[in-house]
Amino acid sequence: MKLYVDTQSKQVQVTKDPEPKNDQNGNQRSEKNTGRPMWSTQVFVLDETGGEIITVTTAGEKPGVTVGQLVAVEQLEAIPWATNGRNGVAFRAISLKPKAGNSAAK
């Protein structure tokens, strides 16, 4: 089952530039079926209940977004995980793209 997060009513702002998603040996990970390189981008998600910083993984070309930009997130998927007594939620999206008229108020 895939769990998608509705981001239409949320403000999503980049807080850290995209960087390669690396494995424990420092090599950039690639998507299993396609071999496309994977990227991690830290964002701040804000709605009427408050905000949270999450890291979103994308595959393919490096997202063309920078710190401070408001972005549109295409199909944000929440992926619960548990390994060696630890657990959490990973986030993956098809793409992160700058929203028109961009950059949040300072």
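Sequential numbering from 1 applies to the sequence shown in UniProt numbering. Glycine residues also receive a C-beta, built at the ideal position from the N, C-alpha and C atoms. Just so you know, these numbers come straight off a predicted model, no measurement behind them.
Counting only the Cα atoms, GLY88 lies some 16 Å from LEU76.
Rounded to the nearest whole angstrom, the CA to CA distance from ALA78 to THR66 is 23 Å. The beta-bridge partner set that DSSP reports for ARG86 consists of THR83. Each residue's CA atom was taken as its position, placing GLY51 and GLU74 some 19 Å apart.
In the three-state DSSP reduction, GLY60 falls in the coil class, being neither helix nor strand. According to DSSP, residue pairing for ARG92 in a beta bridge involves THR57, GLU77. In the DSSP assignment, SER30 falls outside any beta strand (DSSP E) and carries neither an H nor an E.
Leaving aside the five residues that flank GLN42 on each side, the residues in its chain whose CB is nearer than 7 Å to its CB run, in chain order, THR15, LYS16, ILE53, THR55. In this structure TRP81 is exposed. Its beta-carbon is surrounded by fewer than 16 other beta-carbon atoms within 10 angstroms.
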